[in-house]
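Following: one structure in structure tokens, then a few remarks.
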Amino acid sequence: MMLRKNPLINLFIGSFYRLPAPININYLWNGGSLIGTFMVVQVLTGLFLSMHYCGNTLMAFYSVNHIMRDVSGGWIMRYIHANGASFFLAFIFMHIGRNLYYKTYYRKGAWMVGIVLLILSMLTAFLGYVLPWGQMSFWGATVITNFVTAIPVWGETIVNWLWGGFSVDNPTLNRFYTFHFLFPFLIIALSIVHLFFIHQTGSSNPLGNFSDNMKLDFWPYYGVKDILGMFLSLFFFLLLVGFSPDYFGDAENFLKANPMVTPV
Numbered sequence: 009m010m011l012r013k014n015p016l017i018n019l020f021i022g023s024f025y026r027l028p029a030p031i032n033i034n035y036l037w038n039g040g041s042l043i044g045t046f047m048v049v050q051v052l053t054g055l056f057l058s059m060h061y062c063g064n065t066l067m068a069f070y071s072v073n074h075i076m077r078d079v080s081g082g083w084i085m086r087y088i089h090a091n092g093a094s095f096f097l098a099f100i101f102m103h104i105g106r107n108l109y110y111k112t113y114y115r116k117g118a119w120m121v122g123i124v125l126l127i128l129s130m131l132t133a134f135l136g137y138v139l140p141w142g143q144m145s146f147w148g149a150t151v152i153t154n155f156v157t158a159i160p161v162w163g164e165t166i167v168n169w170l171w172g173g174f175s176v177d178n179p180t181l182n183r184f185y186t187f188h189f190l191f192p193f194l195i196i197a198l199s200i201v202h203l204f205f206i207h208q209t210g211s212s213n214p215l216g217n218f219s220d221n222m223k224l225d226f227w228p229y230y231g232v233k234d235i236l237g238m239f240l241s242l243f244f245f246l247l248l249v250g251f252s253p254d255y256f257g258d259a260e261n262f263l264k265a266n267p268m269v270t271p272v
């Protein structure tokens, strides 16, 4: 009983156990739990990959090669991390699509924090794509960061500041690695804020009507359905990782970054 009075324990129990949920929500309400599942997968695999990765332009490409060839289980760890990002963002887009379709964006607190989470997630994925320092990594960083020059007056100065020089080089890779490592923890912190705002107003439902007098406990009624969704998602995810791990990749990234040659 004393543990239940603890605010953090209470938040956990309120989110995953005693959360009152409408009786008519459908499978599209699984998005949050699937995003959380893949967030855990990304953080754990990323942590292990960071132990072998070298954030230097001379060594980055070879350190990824070392992970793939020499580190025990390194290849599957990298493929889980790379493809996990695709699934993570896909579930985020599904989650946003559900909110747009059922018009739950009027819950301004949760919606605004969610938009910040989307921007941070996309930025984190972009930073991670640069880290292997292959051809597409280098040129992707060059092209995307050059969009900032569209900002009037200050654009070029901001780009030089982002690069840490006058081109994408070692300082750029160093700061991209730093922020790629930092942002997931910021995303986790904001996810807790996101949950807080959701619990302030309660769960929505497909009809959009008042449902406080017609609710069930999240566990076991919806918890079991979420677990089924997790197993199905992980099944298709592992099929992709096991049989077509480079499906969402680009063949050019098997070549080391060369500033003198653009990708074919």
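What the sequence shown shows, in the numbering used here, is residues 9 to 272, in sequence order.
Yeah, the Cβ is synthetic: ideal placement off N, Cα and C, and Gly gets one too.
For residue j and residue i, the rounded distance between their alpha carbons
i, j, result
"GLY257", "ALA93", "12 Å"
"VAL121", "HIS202", "6 Å"
"THR45", "TRP169", "35 Å"
"PHE69", "LEU224", "52 Å"
"GLY163", "PHE187", "21 Å"
"LEU66", "PHE99", "35 Å"
"ASP234", "ASN38", "6 Å"
"ILE17", "ILE200", "13 Å"
"MET59", "PHE134", "20 Å"
"ASN221", "ASN14", "27 Å"
"VAL161", "GLY172", "19 Å"
"PHE239", "ASP254", "22 Å"
Beta-carbon proximity check, residue i vs residue j, cutoff 9 Å
i, j, result
"GLU260", "VAL249", "no"
"VAL176", "ALA158", "no"
"ILE206", "ARG115", "yes"
"ILE43", "ASN213", "no"
"ILE75", "LEU57", "yes"
"SER211", "ALA29", "yes"
"LEU128", "LEU194", "yes"
"TYR25", "GLY231", "yes"
"LEU108", "LEU198", "no"
"VAL72", "TYR61", "yes"
"THR7", "PHE204", "Beyond the ends of the chain as shown, which are 9 and 272, falls residue 7; an answer cannot be given."
"GLY82", "GLN208", "no"
Residue i beta carbon near the ligand SAH (any heavy atom closer than 8 Å)
i, result
"LEU181", "Annotation note on the ligand SAH: not contained in the displayed structure, which lists no ligands."
Minimum Cβ-Cβ distance from residue i to chain C less than 9 Å
i, result
"ASP234", "In summary, chain C is missing from the structure at hand, where a single protein chain is found."
One or two residues paired with residue i in a DSSP bridge
i, result
"LYS264", "GLY142"
"ALA29", "LEU224"
6 Å CB neighbourhood of residue i in its chain, flanking five on each side removed
i, result
"LEU27", "PHE226"
"VAL138", "SER145, ALA149 and PHE184"
"LEU245", "Contrary to the premise, residue 245 reads as Phe rather than Leu in this sequence. Cβ within range, chain order: PHE95."
"TYR113", "ASN107 and TRP119"
"MET102", "GLY39"
Residue from the options whose Cα sits closest to the Cα of residue i
i, options, result
"ASN182", "SER252, GLY63 and LEU240", "GLY63"
"MET130", "PHE218, TRP141 and LEU97", "LEU97"
"SER252", "MET102, TYR87 and PRO267", "TYR87"
"TYR229", "ILE31, ASN14 and PRO15", "ILE31"
"LEU247", "ILE84, HIS60 and MET102", "ILE84"
"PRO179", "TRP141, PRO160 and HIS103", "TRP141"
"SER241", "SER41, TYR255 and SER80", "SER41"
"VAL269", "PHE243, TRP147 and THR165", "TRP147"
Close Cβ partners of residue i (< 7 Å) along its chain, the five nearest in sequence each way excluded
i, result
"VAL167", "THR153, ASN154, VAL156 and THR157"
"GLN143", "GLU260, ASN261, LEU263, ALA265, ASN266 and PRO271"
"ARG106", "LEU36 and GLY39"
"GLY136", "ALA93 and HIS188"
"TYR110", "SER212, PRO214 and GLY216"
"SER219", "PRO30 and ASN213"
Cut-off 8 Å between Cβ atoms - residues of its own chain near residue i, not counting five sequence neighbours on either side
i, result
"ILE196", "MET47 and VAL51"
"PHE174", "ASN168"
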